[in-house]
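Working notes for the structure below.
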Amino acid sequence: MSKGKGVGIIPARWASTRFPGKPLHLIADKPLLRHVWERCRRARKLDSVIIATDDMRIANAAFEWGAEVALTSAKHASGTDRIAEVVRRSKAFEFIINVQGDEPLVDPRLIDKLVEKLQRDHKIDIVTAAHPFETAAEASSPHQVKVVVDLCGNALYFSRFAIPFPRDRSVRVKYLRHQGIYGFRRKTLLQFVKWKPAPLERTEWLEQLRALENGVKVHVLVTKHGSPGVDTLADAKALEQKLARARGSGVSP
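If you're matching positions, the sequence shown starts at 47 in the working numbering and goes up one per residue.
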């Protein structure tokens, strides 16, 4: 098993069509991004947690709560490109965990499992996570990404459409929601960002399809539960209510 170092990198940008300034939006008296950072810091397998941003408002706020910050170009098309810029600067990290800056309840244990999977299985270059949808209605939303996996746990396809389609309506389908967290080997990440967006990626507007279209397997860890993302102000309000209920009951979310 490889003992290479792991780094968690959280890409963060200010400009968002649906939710400008989202990283610093306060949830339970803390910026959204700080919730994510604190959860990542609890992961035992990460030697470092870095916030990657091109915005000084985000950088200054993160500096204040003690985070390590990497300033990046403002020209990146995606968070993966932003992370790759940070990784190019140092050869110290072998395993890179891309943690979305809008998942404040990301599970530190899941992060550890992603790193361990890369450490233990040299055949895996990219690893991600998924969990069953709670309702069929959630699976029908194009805003929720679905994934189907083979018998070895590798992704066959990611889609905004509800896959697989049950031709026989009596068959009960377990739809899997893809969680936007990725573990990369260093060399695979740097190769990934060199490839141009592929046809299926452009069709579905899903960056992870670029790996499949270029013949790189994406291993999927299927968990019982996931963590809610915050895409809109309504999501943020719902999460704050959830945290308030958890505090009231003495249960950690």
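The beta-carbon is built from N, C-alpha and C at its ideal position, and this holds for glycine as well.
Opening and closing residue of the beta strand (DSSP E) in which residue i lies
{"i": "Asn106", "result": "Segment 102-110 is the alpha helix (DSSP H) holding Asn106; no beta strand (DSSP E) there."}
{"i": "Gln225", "result": "222-231"}
{"i": "Glu114", "result": "114-117"}
{"i": "Leu350", "result": "Here the chain covers residues 47 to 299 and nothing more, so residue 350 does not appear."}
{"i": "Glu140", "result": "139-145"}
For residue i, the first and last residue of its enclosing alpha helix (DSSP H)
{"i": "Gly125", "result": "125-134"}
{"i": "His81", "result": "78-87"}
{"i": "Lys91", "result": "Lys91 -> no alpha helix (DSSP H), and no H or E assigned at all."}
{"i": "Ile157", "result": "154-166"}
{"i": "Leu255", "result": "255-259"}
Span separating the alpha-carbon of residue i from that of residue j
{"i": "Trp241", "j": "Arg256", "result": "8 Å"}
{"i": "Ala123", "j": "Pro243", "result": "11 Å"}
{"i": "Gly52", "j": "Ile170", "result": "15 Å"}
{"i": "Gln287", "j": "Lys159", "result": "29 Å"}
{"i": "Asp277", "j": "Asp100", "result": "20 Å"}
{"i": "Asp281", "j": "Ala105", "result": "24 Å"}
{"i": "Leu289", "j": "Pro150", "result": "11 Å"}
{"i": "Lys163", "j": "Phe211", "result": "30 Å"}
{"i": "Thr174", "j": "Thr269", "result": "11 Å"}
{"i": "Leu267", "j": "Gly199", "result": "7 Å"}
{"i": "Ser62", "j": "Val217", "result": "40 Å"}
Bridge partners - residue i, DSSP secondary structure assignment
{"i": "Asp235", "result": "The identity of residue 235 in the sequence shown is Leu, whereas the question assumes Asp. None; Leu235 has no bridge partner."}
{"i": "Phe207", "result": "Answer is none; Phe207 lacks a bridge partner."}
{"i": "Ala8", "result": "Here the chain covers residues 47 to 299 and nothing more, so residue 8 does not appear."}
{"i": "Thr174", "result": "Tyr228, Val266"}
{"i": "Gly30", "result": "Since the displayed the chain opens at 47 and closes at 299, residue 30 lies outside it and no answer follows."}
Cβ pair residue i, residue j closer than 8 Å
{"i": "Ile172", "j": "Ile55", "result": "no"}
{"i": "Ala176", "j": "Arg213", "result": "no"}
{"i": "Ser132", "j": "Ile73", "result": "Looking at the sequence provided, one finds Val at residue 132 rather than Ser. Contact flag unset, no."}
{"i": "Thr118", "j": "Glu253", "result": "no"}
Anticipated Cβ contact below 8 Å, residue i with residue j, distance rounded
{"i": "Tyr203", "j": "Asn144", "result": "Not quite, the Cβ-Cβ distance comes to about 20 Å (not below 8 Å), so this is no contact."}
Residue-level contact to chain B via CB, residue i, 8 Å cutoff
{"i": "Gly261", "result": "No chain B is present in this structure, which holds just one protein chain."}
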